[in-house]
Amino acid sequence: MQHREKLDILSVTTTVGSLDAARTLAREILAQRLGACVQIDAGVTSLYFWQGQQQEEPEVRLVIKSLPGCEAALQSLFAQHHPYQVPQFLAQTLRASAAYAGWVRSETVVPATAAGPGP
1 MQHREKLDIL
11 SVTTTVGSLD
21 AARTLAREIL
31 AQRLGACVQI
41 DAGVTSLYFW
51 QGQQQEEPEV
61 RLVIKSLPGC
71 EAALQSLFAQ
81 HHPYQVPQFL
91 AQTLRASAAY
101 AGWVRSETVV
111 PATAAGPGP
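For the sequence shown, this note's numbering assigns the number 1 to the initial residue and increments by one for each residue that follows.
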(Lines of atoms letter the chains of each structure in order from A and count residues from 1; the text may use other names and numbers.)
(Lines give C-alpha, C1' and ligand atoms only; values in the text may rest on other atoms or scores of the structure.)
Protein backbone atom coordinates (compact mmCIF):
# COMPACT_ATOMS: atom_id res chain seq x y z
CA MET A 1 0.00 0.00 0.00
CA GLN A 2 1.27 3.44 -1.00
CA HIS A 3 1.94 5.94 1.79
CA ARG A 4 -0.68 8.66 1.45
CA GLU A 5 1.93 11.45 1.85
CA LYS A 6 3.67 10.21 -1.30
CA LEU A 7 0.48 11.02 -3.21
CA ASP A 8 0.26 14.60 -1.92
CA ILE A 9 1.19 17.43 -4.25
CA LEU A 10 1.00 21.18 -3.73
CA SER A 11 -1.02 23.29 -6.12
CA VAL A 12 -0.34 27.04 -6.04
CA THR A 13 -2.46 29.54 -7.94
CA THR A 14 -1.46 33.11 -8.78
CA THR A 15 -2.23 35.75 -11.38
CA VAL A 16 -0.17 38.27 -13.32
CA GLY A 17 -1.02 41.05 -15.74
CA SER A 18 0.23 39.61 -19.04
CA LEU A 19 1.13 36.44 -20.88
CA ASP A 20 4.78 37.56 -21.03
CA ALA A 21 4.85 38.02 -17.23
CA ALA A 22 3.23 34.59 -16.79
CA ARG A 23 5.83 32.90 -19.00
CA THR A 24 8.68 34.70 -17.23
CA LEU A 25 7.45 33.64 -13.79
CA ALA A 26 6.73 30.08 -14.96
CA ARG A 27 10.21 29.72 -16.45
CA GLU A 28 11.81 30.93 -13.20
CA ILE A 29 9.80 28.42 -11.17
CA LEU A 30 10.83 25.59 -13.49
CA ALA A 31 14.47 26.74 -13.63
CA GLN A 32 14.65 26.55 -9.83
CA ARG A 33 12.92 23.12 -9.95
CA LEU A 34 10.24 24.36 -7.54
CA GLY A 35 7.48 22.97 -9.72
CA ALA A 36 7.02 20.16 -12.21
CA CYS A 37 4.45 22.01 -14.29
CA VAL A 38 3.02 25.50 -14.57
CA GLN A 39 -0.28 25.83 -16.39
CA ILE A 40 -1.05 29.24 -17.88
CA ASP A 41 -4.65 30.31 -18.41
CA ALA A 42 -5.07 33.53 -20.39
CA GLY A 43 -8.30 35.47 -20.65
CA VAL A 44 -9.12 35.89 -16.96
CA THR A 45 -10.82 39.09 -15.83
CA SER A 46 -10.38 40.12 -12.21
CA LEU A 47 -12.57 42.58 -10.37
CA TYR A 48 -11.22 43.74 -7.02
CA PHE A 49 -10.61 46.66 -4.72
CA TRP A 50 -7.10 48.16 -4.62
CA GLN A 51 -6.23 51.22 -2.55
CA GLY A 52 -9.91 52.05 -2.08
CA GLN A 53 -10.81 51.90 -5.76
CA GLN A 54 -12.69 49.18 -7.59
CA GLN A 55 -10.58 47.73 -10.41
CA GLU A 56 -11.34 45.52 -13.41
CA GLU A 57 -8.28 44.15 -15.18
CA PRO A 58 -7.38 41.36 -17.58
CA GLU A 59 -5.09 38.82 -15.93
CA VAL A 60 -3.38 35.54 -16.65
CA ARG A 61 -3.72 32.72 -14.12
CA LEU A 62 -0.86 30.34 -13.30
CA VAL A 63 -1.39 27.00 -11.57
CA ILE A 64 1.86 25.52 -10.27
CA LYS A 65 2.13 21.78 -9.54
CA SER A 66 4.75 21.30 -6.85
CA LEU A 67 5.41 19.53 -3.54
CA PRO A 68 4.34 20.60 -0.05
CA GLY A 69 8.00 21.04 0.97
CA CYS A 70 8.43 23.75 -1.69
CA GLU A 71 5.79 26.15 -0.36
CA ALA A 72 8.16 28.46 1.55
CA ALA A 73 10.63 28.53 -1.34
CA LEU A 74 7.83 29.42 -3.76
CA GLN A 75 6.76 32.26 -1.47
CA SER A 76 10.36 33.53 -1.46
CA LEU A 77 10.52 33.27 -5.24
CA PHE A 78 7.28 35.27 -5.49
CA ALA A 79 8.78 37.95 -3.22
CA GLN A 80 11.71 38.31 -5.63
CA HIS A 81 10.17 37.66 -9.05
CA HIS A 82 6.41 38.21 -8.98
CA PRO A 83 5.47 41.49 -10.68
CA TYR A 84 2.69 42.39 -8.22
CA GLN A 85 3.18 44.26 -4.97
CA VAL A 86 0.78 41.87 -3.24
CA PRO A 87 0.75 38.67 -5.30
CA GLN A 88 -2.00 36.12 -4.97
CA PHE A 89 -0.54 32.99 -3.37
CA LEU A 90 -3.22 30.35 -2.88
CA ALA A 91 -1.82 26.96 -1.94
CA GLN A 92 -3.61 23.70 -1.39
CA THR A 93 -2.48 20.16 -0.90
CA LEU A 94 -4.08 17.75 -3.34
CA ARG A 95 -4.09 13.97 -3.51
CA ALA A 96 -2.83 12.85 -6.93
CA SER A 97 -2.71 9.52 -8.67
CA ALA A 98 0.41 7.52 -7.87
CA ALA A 99 1.78 8.03 -11.38
CA TYR A 100 1.22 11.80 -11.41
CA ALA A 101 2.52 12.30 -7.86
CA GLY A 102 5.61 10.26 -8.78
CA TRP A 103 6.21 12.43 -11.82
CA VAL A 104 5.88 15.64 -9.77
CA ARG A 105 8.34 14.24 -7.19
CA SER A 106 10.80 13.30 -9.95
CA GLU A 107 10.71 16.78 -11.51
CA THR A 108 10.68 18.93 -8.37
CA VAL A 109 13.51 19.59 -5.94
CA VAL A 110 12.53 20.30 -2.35
CA PRO A 111 15.03 22.82 -0.92
CA ALA A 112 17.36 21.31 1.68
CA THR A 113 16.04 23.64 4.39
CA ALA A 114 12.52 22.24 3.86
CA ALA A 115 13.46 18.61 3.33
CA GLY A 116 14.00 17.88 7.02
CA PRO A 117 16.46 15.35 8.40
CA GLY A 118 18.20 12.95 6.05
CA PRO A 119 17.44 9.25 5.67
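Backbone N, C-alpha and C fix where the C-beta goes; we use that ideal spot for every residue, glycine too.
- The alpha helix (DSSP H) runs lying completely inside the stretch 5-53 and spanning 4 residues or more are 19-31, given in chain order.
- Around residue 56, the same chain offers 45, 47 as residues with beta carbons nearer than 7 Å, after the five sequence neighbours per side are excluded.
- Rounded to whole angstroms, residue 42 and residue 63 show a C-alpha spacing of 12 Å.
- In this structure, the straight-line span from the alpha carbon of residue 106 to that of residue 68 is close to 14 Å.
- Short of 8 Å from the beta carbon of residue 94, and not among the five residues preceding or following it, lie these beta carbons of its own chain, in chain order: 8, 9, 10, 11.
- For residue 96 and residue 34, the gap between their C-alpha atoms comes out near 17 Å.
- For residue 50 and residue 91, the gap between their C-alpha atoms comes out near 22 Å.
- Straight-line measurement puts the Cα of residue 109 at about 15 Å from the Cα of residue 76.
- Annotation for residue 100: no residue places its beta carbon closer than 7 Å to its own, counting only its chain and skipping 5 residues before and after.
- DSSP places residue 77 within a helical segment (H, G or I) once states are collapsed to three.
- Residue state for residue 104 is assigned as helix, using DSSP reduced to three classes.
- Residue 71 has its alpha-carbon roughly 30 Å from the corresponding atom of residue 52.
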